[in-house]
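Trainee: I'd like to ask you about the structure that follows.
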Amino acid sequence: MAMHDQSATSPANTQARAAGGQNLPRYTDWQAICVIFRLWRRQGARLLVGALLALAALACGLALMQVSGVRLAGCVLGEIIVTTALLRWVGAGRVTLRYAERLFAHDAMFRALADLRVWFFHSLARGAAAGLGFRRAGDMLSRLVSDIGALDGLYLRIVLPLLCACLTFPALLIIVGRQSLLLGLGVGVLFACSSFLVPWLIARSGRKSAEQTAHLLAHLRISVLDLVGGLREIRAFGAEGRMLARVQAADAALLHGQMGMARRAAFANALAFLFGQIAIFLVLLAIGGVVLPRLGALEGVSLLFLTVAAFESAVLLTRAGLQAGIMGASARRVVEMAVQPGAARSQVALHDAPENTHIRLEAVRFRWAEDRPWVLKGLTLDIPPGSRVAILGPSGVGKSSLAALLLRAATQQEGHIFLGGEDITTLRPESVRSKMAWLSQATHLFDDTIRANLLLGRPDASEQDLWQALDQAAVSDVVRSLPEGLDTWVGEGGVRLSGGQGRRIALARTLLARAPVLILDEPATGLDAQTEQEFLRTLNTVSEGRTVILIAHRLTGVEKLDRIWRLSDGVARAAAL
Amino acid sequence: MRNEKAAIRNWTRLQSRLGRQAARSVVGSGLLSSLAGIGQAWCVAVVLGHALVGWQGAAEGSIFPAWPFLLFPALAILRALCMIQADIAAARAGIVARRRLRGEVMAAILAGGPALLRRTHSGVLASLVVDRIEALDGFFGRWVPASVLWMAAPVAILVPVGIMQPRAALILGLCGVAVPVGQAVFGIGAAVASRNQFLAMTRLQARFLDRIKGIATIVLAGRTEDETRRLADAADELRVRTMKVLRVAFLSSASIDCAMVGAFILLAVLDGRQALVMQANGPSPALQHVVVASLFALLAVPEFFAPLRSFALAYQDRAHAQGAATAILDLPEVTERPVLDGARTVNANGVMVAFDDVGFTWDPARGPALEHVTFTVPAGETLVLAGPSGAGKSTIMELLLGFIAPQSGRVLFNGAPLQTIVPDALSRVVSWIGQKPVLFAGTLRDNILFAKPDADERELASALRSAAVDEFLPTLPDGLDTHIGEGGFGLSGGQAQRVAIARAYLKNAPVLLLDEPTAHLDPVTEKSVFESLQRLAVGRTVILATHSAAAHMFKGRRIDLQNGRVVNRQGAA
């Protein structure tokens with residue numbers, strides 16, 4: 399099943415999925431949001447208290463305006479209908495409840511969004527994750543992460559205002575309706591239009607334009623990346639003007655799309671506002687006895703102040719509607735990615751990997767998904783423990799698929815892979831991975847200290863172990879020369895280190911894991927030719943006694959190897975050393 | 061550190077000033093809308109006052125003045141128009157500012173040139189141009205106008221209220237002044253709250269993104285459970301820490317609430333007392349005036365506090381600006397290349413290239429990259445630069461391309477120092493092929509025509525043939541119109557290099573710079589690429605940096621470099 403997970407990651411596959419039927423789960427926006435609400439069940443009580451406080455604060459807010467008006471009006475009529483004490487109570491209630499609501503709602507929101515992230519991380523790790531590193535999925539992941547960021551506002555900006563409006567609506571209907579049924583109906587309908595209809599319309603239209611904007615943003619990003627990455631070419635060919643024009647065109651398209659959205663939002667806002675104004679005007683007419691049956695002066699004042707206050711909160715909902723469209727799409731993408739069809743559990747009890755690390759592949763056939771071409775078509779390999787082998791071939795020939803299979807990040811459709819004589823599908827994936835350490839250009843350096851990055855390889859490693867691994871990776875001198883040594887922050891993706899240094903830190907981490915098999919998947923790609931050779935020389939010395947599987951598109955001539963296979967057309971052929 | 065902070069502050073201030081000009085229309089509409097709101101409050105107060113006093117006088121069916129019923133809807137429509145105008149103007153201000161900033165940043169990047177990539181990752185630059193600037197929308201659209209309106213609008217409202225009811229204006233004014241005071245007491249207020257919340261979210265989001273990007277590494281290292289727990293812990297710790305700050309910071313937003321509630325209660329109680337006293341003497345025009353003015357003041361309270369609230373809400377947009385400032389200030393300043401006296405072009409027929417005692421140092425800590433390098437390549441001949449990486453080959457290439465200028469000595473094209481040549485003229489005479497050509501998002505045709513957009517079909521076909529691109533064309537799904545680059549069809553290293561060769565054919569420049577063009581190719585591909593390059597080299601001045609053994613295919617001069625010095629010469633170099 400894992401291969402379906404993989405297929406979701408490449409753009410080509412997304413198209414394939416849209417065209418042909420695929421058994422990836424499809425969700426509507428609403429279903430996706432429900433999945434997220436279910437996830438928040440654990441925080442349900444807190445979220446509910448936050449909502450109740452919000453409602454209470456709103457009620458106090460409405461009451462405050464109303465009682466102040468009635469107090470004044472009462473005085474004019476020569477009676478104190480609202481006591482100063484009541485006024486004070488309502489006022490104090492408004493301030494404290496609002497404060498409590500803010501605190502509670504924010505606390506609940508922080509908890510809920512932590513849950514969301516943990517859940518997403520865990521789902522991704524369990525399902526598709528392992529395969530992601532084998533494909534260039536960085537951009538897609540960033541997009542998903544910003545989708546999750548967009549969902550942060552779901553509770554505070556959408557759920558709370560909507561709940562408040564849902565409560566205000568019947569309250570308004572009853573209070574106004576008791577004085578005058580006709581007026582109550584009118585104000586109620588207007589409130590519904592302003593708080594529910596307009597936000598709903600803008601949410602619906604916003605979804606489409608949100609998707610279009612996302613597309614334009616991606617287009618801008620690609621042209622900027624082209625320009626930045628191609629600075630040499632651009633200078634060499636004197637193409638500054640042309641490339642700048644390209645970026646500016648992409649920028650203009652994006653900004654034009656956003657302007658359209660802003661215009662629509664502005665009109666929606668004004669429309670919601672006008673509904674409120676009409677409602678106030680109706681009350682005014684009723685007070686004057688024009689068209690509508692005349693209200694008593696006191697009731698009139700009370701209703702008018704209430705209506706003014708009630709419609710004030712409706713503005714929030716138009717904004718919520720605008721975001722709801724965006725959030726719905728985000729929720730759908732996140733949920734579809736995280737909720738994968740449960741991997742068919744093997745009926746056989748899985749056991750731990752044996753000590754012996756002899757690797758044998760027999761007639762392995764593999765493809766990433768059913769609608770994808772076969773990558774491996776009967777691959778047979780035999781890698782004895784302690785041997786150093788290379789598997790060569792141009793890109794796209796299935797070398798990385800091989801690494802994914804060995805690491806149990808994917809499962810072959812036919813054939814067998816044996817580790818120490820046991821079929822690896824009968825072994826626990828974690829225990830297989832404890833035998834095999836993996837290093838590739840996709841190996842990630844975390845935005846953390848060098849120490850924390852190394853400890854990921856083996857959490858219980860001592861200081862001495864760390865330095866030994868750095869020594870082996872020939873990077874200890876560099877680390878020693880850094881002012882903060884092991885506690886130096888490596889920066890996002892290791893940007894504070896040079897390419898070669900970063901790769902060596904990753905190597906040290908891999909070595910620290912003490913796995914008997916090293917899978918090196920194009921470990922030096924992206925380094926310049928000289929750094930690459932130095933790095934490969936280091937690999938020759940550090941990996942003695944371990945099985946080394948070097949996967950590359952070519953050899954540089956410095957590698958020490960026992961066997962070489964060339965992979966082509968889905969099978970391996972032994973090549974001369 | 062302090063300088064940096066000052067620079068950020070200056071930048072933010074400059075942007076605010078620039079933004080304020082664009083936001084004038086937002087501010088104008090906002091003020092007009094506030095005043096219209098006040099006018100509406102007056103209409104409502106008149107109607108209510110009439111009803112109350114009329115009721116009190118038991119004058120059934122007393123005639124209401126008609127004008128409030130006409131003015132109120134008119135003002136409502138005016139306000140709606142103002143709101144539309146303000147929203148659209150705010151969006152436009154954000155768009156204009158983003159377009160301007162993107163232009164500036166792109167200019168800085170182009171000016172910085174390839175040297176910029178030595179210290180900044182291209183992904184970081186791209187995210188600055190796209191995301192950081194995108195996040196500034198709120199700064200220009202919301203924060204800048206709000207930072208003017210929060211003072212202007214309440215003052216504008218105080219004036220009519222003061223005319224009608226001086227005491228109410230005093231109460232409102234005092235409560236309004238209490239807001240900044242309260243905010244100062246609780247730490248610049250809602251501002252701090254929203255900034256802290258924003259920063260906390262940003263940090264959590266960054267950590268989360270980092271872990272998600274490296275998820276394969278985590279899973280394959282068997283650390284999933286560990287990392288899940290740590291992610292949860294980090295989020296929780298962040299929550300506890302942020303809530304501590306928010307607890308205090310929300311007090312300041314409570315201070316706005318407090319001020320508003322205070323205004324309501326004071327107005328209701330004081331004006332109520334006055335009305336109570338006056339009504340004892342029966343209905344009178346004076347009573348009606350007092351009632352109308354009091355109701356008016358009460359209705360003005362929400363209008364009065366609304367701008368203060370939007371100001372507090374917009375504060376987090378300011379934090380975005382500070383984040384962007386750091387990244388933008390990190391870019392080199394755009395300096396016009398000084399056009400020296402006697403700037404000239406180069407004759408395009410046959411160029412002799414020479415280095416005359418050239419020295420260059422990237423980083424004094426690591427020693428010079430080039431020292432006393434001297435060589436001459438006559439027009440139409442080939443020079444092979446050999447030596448390990450770090451010997452200075454790439455530095456020579458960057459000097460020849462004009463990306464950097466020699467710190468000592470001279471680089472000569474037909475005897476003219478490079479700095480005196482017009483940049484356009486230089487890029488016309490030089491073709492360059494590096495280790496890995498950049499393929500832009502677009503069709504294969506666009507990518508080759510990149511070298512010469514106005515080339516005709518015949519020229520293109522000849523370049524394709526000479527570079528042997530036509531050999532792999534049939535294997536592409538749409539031939540020349542196949543989309544390559546980001547998100548498109550992946551070309552192999554050898555194929556990409558052939559695209560670069562085709563570009564060079566099309567450009568047809570007299571000088572050809574080859575910087576390890578086969579470093580990433582396997583031996584078979586390397587040989588055939590070298591053959592194409594040999595054909596391309598005919599009749600051109602060629603400088604080839606390589607440490608490949610296959611370079612012997614190029615006949616000509618050769619120098620060996622080591623640690624930035626020429627250690628061996630062959631031929632007449």
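From first to last, the protein sequence lines are chains Z and L.
Position one of the first sequence corresponds to residue 399 (my numbering), numbered consecutively onward.
Position one of the second sequence corresponds to residue 61 (my numbering), numbered consecutively onward.
The beta carbon of each residue, even a glycine, is placed where N, CA and C say it ideally should be.
1) For Z/ALA666, which residues in the same chain have their Cβ closer than 6 Å to its Cβ, ignoring the five residues on either side in sequence?
2) Could you please tell me which residues of the region 265-278 of chain L, in chain order, have their CB closer than 9 Å to any CB of chain Z?
3) Would you report the Cα separation of L/ALA328 and L/LEU358, rounded to the nearest angstrom?
4) So the candidates are Z/ALA872, Z/TRP836 and Z/PRO568; which of them puts its Cα closest to the Cα of Z/GLY855?
5) So L/GLY236 and L/ALA319 are supposed to be a Cβ contact under 8 Å. How far apart are they, rounded?
6) Counting only the same chain and skipping the five closest in sequence on each side, list residues whose C-beta sits under 7 Å from that of L/LEU234.
7) Measuring straight from C-alpha to C-alpha, what distance separates L/GLY475 and L/LEU389?
8) Name, please, each residue of chain L whose Cβ falls closer than 9 Å to the Cβ of Z/TRP978.
9) Below 8 Å on C-beta distance, what does Z/SER466 contact in chain L?
10) Taking 8 Å as the limit between beta carbons, can you name the residues of its chain near L/GLY99, skipping five residues before and five after?
11) Which residues, in order along the region 624-637 of chain Z, keep a beta-carbon less than 9 Å from a beta-carbon of chain L?
12) Taking the C-alpha atoms as reference points, what is the distance between L/VAL43 and L/VAL490?
13) Can you list, in chain order, the stretches of the beta strand (DSSP E) that have 3 or more residues and sit fully within the region 464-530 of chain L?
14) Assuming contact is defined by CB atoms lying nearer than 7 Å, are L/VAL361 and L/ALA323 in contact in what I supplied?
15) Return the CA-CA distance between Z/ALA727 and Z/GLU609, expressed in angstroms with no decimal places.
16) Between Z/LYS775 and Z/VAL915, which are expected to be in contact by the criterion C-beta below 8 Å, what is the C-beta distance as a whole number of angstroms?
17) So is L/GLY332 in contact with chain Z if we call contact Cβ pairs under 7 Å?
18) Pull up the distance between the alpha-carbon of L/LEU459 and that of L/ALA465, whole angstroms please.
19) If you count every other CB in all the chains shown that lies within 10 Å of the CB of Z/ILE572, and 16 or more means buried, which is it?
20) For L/ALA451 versus L/ILE493, is the C-beta spacing smaller than 7 Å?
21) Under 8 Å Cβ to Cβ from Z/LEU580, same chain only, skipping five residues before and after it: list those, please.
22) So with CB distances below 9 Å, who are the chain L contacts of Z/MET657?
23) Are any of the Cβ atoms in chain L nearer than 7 Å to that of Z/PRO771?
24) So what does DSSP say about L/ASN70, is it helix, strand or coil?
25) What are the residues that DSSP puts in a beta bridge with Z/ASN754?
26) Can you say whether Z/GLY627 is buried or exposed, counting buried as having 16 or more other CB atoms within 10 angstroms of its CB?
27) Ordered along the chain, which non-local residues of its own chain (more than five positions away) have a Cβ less than 6 Å from that of L/PHE200?
28) Could you give the residue range of the alpha helix (DSSP H) that holds Z/ALA569?
29) Is there contact here, the region 480-487 of chain L with the region 629-641 of chain Z, by at least three beta-carbon pairs under 8 Å?
30) In chain Z, which residues lie with their C-beta within 9 Å of the C-beta of L/LEU391?
31) By the three-class DSSP mapping on this structure, what secondary structure does Z/THR886 have?
32) Helix, strand or coil for L/ASP620 per DSSP?
33) Anything in chain Z within Cβ reach of L/MET224, meaning under 7 Å, just list it in chain order.
34) From this set, L/ALA346, L/HIS110, L/GLY410 and L/ALA149, which residue's C-alpha is nearest L/SER89's C-alpha?
35) Out of L/GLY624, L/GLU297 and L/HIS612, state which residue places its alpha-carbon closest to the alpha-carbon of L/GLN630.
36) Would you call L/THR277 buried or exposed, if buried means 16 or more other Cβ atoms sit within 10 Å of its Cβ?
Mentor: Quick look at the numbers:
1) Cβ within range, chain order: VAL596, ILE600 and THR716.
2) If the cut-off is 9 Å between Cβ atoms, the region 265-278 of chain L has GLN265, ALA266, ARG267, PHE268, LEU269, ASP270, ARG271, ILE272, LYS273, GLY274, ILE275, ALA276, THR277 and ILE278 near chain Z.
3) The C-alpha of L/LEU358 is placed about 7 Å away from the C-alpha of L/ALA328.
4) That would be Z/TRP836, whose Cα lies nearest to the Cα of Z/GLY855.
5) The Cβ separation is near 7 Å, so the contact holds.
6) There are no such residues.
7) Inter-residue distance for L/GLY475 and L/LEU389 is about 39 Å (C-alpha atoms, whole angstroms).
8) The requested residue 978 of chain Z does not occur in the structure, where chain Z is confined to residues 399 to 975.
9) Ordered by position in chain L, the residues that pass the 8 Å Cβ test against Z/SER466 are PHE324, ILE325, LEU327, ALA328 and LEU358.
10) Counting only Cβ-Cβ distances below 8 Å, and skipping sequence neighbours, we find LEU131 and LEU135.
11) Listed by position, the residues of the region 624-637 of chain Z near chain L (Cβ gap below 9 Å) are ASP624, LEU625, VAL626, GLY627, GLY628, LEU629, ARG630, GLU631, ILE632, ARG633, ALA634, PHE635, GLY636 and ALA637.
12) There is no way to answer for residue 43 of chain L, as the model of chain L reaches only from 61 to 633.
13) Segments of the beta strand (DSSP E) lying fully in the region 464-530 of chain L: 468-473 and 490-493.
14) Taking C-beta atoms as the reference points, L/VAL361 and L/ALA323 count as a pair closer than 7 Å.
15) If you take the alpha carbons of Z/ALA727 and Z/GLU609, they lie about 8 Å apart.
16) Going by Cβ atoms, the distance from Z/LYS775 to Z/VAL915 rounds to 24 Å, so no, they are not a contact pair.
17) Residue-level contact by beta carbon holds for L/GLY332 and chain Z, with a gap shorter than 7 Å.
18) Using only the alpha carbons, I get a separation of about 6 Å.
19) Looking at its Cβ environment, which holds fewer than 16 other Cβ atoms inside 10 Å, Z/ILE572 is exposed.
20) Against a cut-off of 7 Å, the Cβ pair of L/ILE493 and L/ALA451 comes out as no contact.
21) For Z/LEU580, where only same-chain residues beyond five positions count, the Cβ hits under 8 Å are LEU690 and PRO691.
22) Within chain L, the residues near Z/MET657 are ILE148, ALA151, ARG152 and ILE155.
23) For Z/PRO771, no CB of chain L lies under 7 Å from its own CB, so it is not counted at the interface with that chain.
24) DSSP places L/ASN70 within a helical segment (H, G or I) once states are collapsed to three.
25) Beta-bridge partners assigned by DSSP to Z/ASN754: none are found.
26) With 16 or more Cβ atoms within 10 Å of its Cβ, Z/GLY627 is classed as buried.
27) The residues GLY79, ALA153, GLY154 and ALA157, in chain order, have a CB closer than 6 Å to that of L/PHE200 in the same chain once the five nearest residues on each side in sequence are set aside.
28) Here the alpha helix (DSSP H) through Z/ALA569 covers 558-577.
29) Here the region 480-487 of chain L lies against the region 629-641 of chain Z, with 3 or more beta-carbon pairs under 8 Å apart.
30) The CB of L/LEU391 never comes closer than 9 Å to any CB in chain Z; the least such distance is about 12 Å.
31) DSSP places Z/THR886 in coil when its eight states are reduced to three.
32) In the three-state reduction of the DSSP assignment, L/ASP620 falls in the strand class, which pools E and B.
33) Against chain Z, a Cβ distance below 7 Å from L/MET224 picks out nothing, because the smallest value is about 15 Å.
34) Closest by alpha carbon: L/ALA149.
35) When each option's Cα is compared against that of L/GLN630, the closest is L/HIS612.
36) When all chains shown are included, L/THR277 counts as buried.
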